[in-house]
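Below: one structure, written as structure tokens.
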Amino acid sequence: AQSVTQLGSHVSVSEGALVLLRCNYSSSVPPYLFWYVQYPNQGLQLLLKYTSAATLVKGINGFEAEFKKSETSFHLTKPSAHMSDAAEYFCAVSARSGGSYIPTFGRGTSLIVHP
Amino acid sequence: GAGVSQSPSNKVTEKGKDVELRCDPISGHTALYWYRQSLGQGLEFLIYFQGNSAPDKSGLPSDRFSAERTGGSVSTLTIQRTQQEDSAVYLCASMPTQAGVYEQYFGPGTRLTVT
Chain S
77 AQSVTQLGSH VSVSEGALVL LRCNYSSSVP PYLFWYVQYP NQGLQLLLKY
127 TSAATLVKGI NGFEAEFKKS ETSFHLTKPS AHMSDAAEYF CAVSARSGGS
177 YIPTFGRGTS LIVHP
Chain W
146 GAGVSQSPSN KVTEKGKDVE LRCDPISGHT ALYWYRQSLG QGLEFLIYFQ
196 GNSAPDKSGL PSDRFSAERT GGSVSTLTIQ RTQQEDSAVY LCASMPTQAG
246 VYEQYFGPGT RLTVT
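Residue numbers (the working numbering), protein chains in the order written: chain S, 77 to 191; chain W, 146 to 260.
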């Protein structure tokens, strides 16, 4: 079984401030972890992924995330927010089970960036 | 190259009518998923196709929902006797099965409104 919890349905930051979006997961087997971004009226786009290589993962648009097994966390960060970062962010966990591969998504966190 | 496409982009239908939503995955992607995204909710898994295997229908909310995938490519999600609670954005995603690639590629979605 696997699940994802994203803390905070909305996160508000000022332009130039640190972005921190929290994700905690549970998985009975070593997980694959993902962050996706969704802009208005669009589908989801992959930001970054962890697949058991380096625990600090760098993605597109200056985002990065660190896999911490002891904390079962995969928080997303960006040192300096830009107005264009305003979007919905989804954390997802997956593991292959019996040949099937069905990721579980969190409820999403809406990032609001103030000028 | 071409991404995942979905049609129609918007669909308004009357309660009780049947609707068909179409998904064209990326060529060569063997896995295909349907999700439902309601306002303020995460992605609700509906159904998963993997190659020629029997689909995983465990997420379909009722027997009014069905999906097929013809020739391992195009997929159609059918909702019979639509209800107002079926109003949502329906997202399709595809995924290749080559080693090391585990992320999904999403289409822009179909916004379904049941009046």
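Even for Gly, the Cβ is constructed at its ideal location relative to N, Cα and C. No experiment lies behind these values; they were computed from the predicted model shown.
Item	Value
Closer than 8 Å by C-beta to Lys134(S): which residues in its own chain qualify, once you throw out the five before and the five after it? Chain order, please.	Leu124 and Glu140
Between which two residues does the beta strand (DSSP E) containing Val149(W) stretch?	Here Val149(W) belongs to no beta strand (DSSP E), and DSSP marks it neither H nor E.
Measure the CB-CB distance between Gln186(W) and Arg183(S) and report whether it falls below 8 Å.	yes
DSSP state of Ser186(S), grouped into three classes?	strand
Run the CB neighbour count on Ser239(W), radius 10 Å, all protein chains shown included, and call it buried at 16 or more, exposed below.	buried
Could you tell me whether the region 152 to 164 of chain W touches the region 181 to 195 of chain W, where touching means 3 or more Cβ pairs closer than 8 Å?	no
Where does Glu213(W) sit, in a helix, a strand or coil, going by DSSP?	strand
Taking all protein chains shown into account, do 16 or more other C-beta atoms lie within 10 angstroms of the C-beta of Lys154(S), making it buried, or fewer, making it exposed?	buried
Going by beta carbon distance, what residues of the same chain come within less than 6 Å of Leu188(W), once the five residues before and after it are set aside?	Tyr180 and Gln182
When you compare only the Cα positions, how much space is there between Phe181(S) and Phe166(S)?	7 Å
His174(W): buried (16+ other C-beta within 10 angstroms of its C-beta) or exposed?	buried
Would you decide whether Val105(S) is buried or exposed? Buried here means 16 or more other CB atoms lie within 10 Å of its CB.	exposed
Please list the residues of the region 82 to 113 of chain S that have a C-beta atom closer than 7 Å to any C-beta atom in chain W, keeping them in chain order.	Tyr108 and Phe110
With the cut-off set at 8 Å, would you say Val219(W) and Arg167(W) are in Cβ contact?	yes
With 7 Å as the C-beta to C-beta threshold (strictly closer), list the residues of the region 216 to 239 of chain W near chain S in chain order.	Leu236
Should Tyr235(W) be labelled buried (16 or more other beta-carbon atoms within 10 Å of its own) or exposed?	buried
List the residues of chain S whose Cβ lies closer than 7 Å to the Cβ of Gly252(W), in chain order.	Gly119
So, Val169(S) versus Leu96(S), is the Cβ gap smaller than 8 Å?	no
Since Tyr101(S) and Ser79(S) should fall inside the 8 Å C-beta cutoff, what is the C-beta to C-beta distance between them, to a whole number of angstroms?	7 Å
Relative to the C-alpha of Ala157(S), which residue among Gly84(S), Glu147(S), Ala93(S) and Ile178(S) is closest?	Ala93(S)
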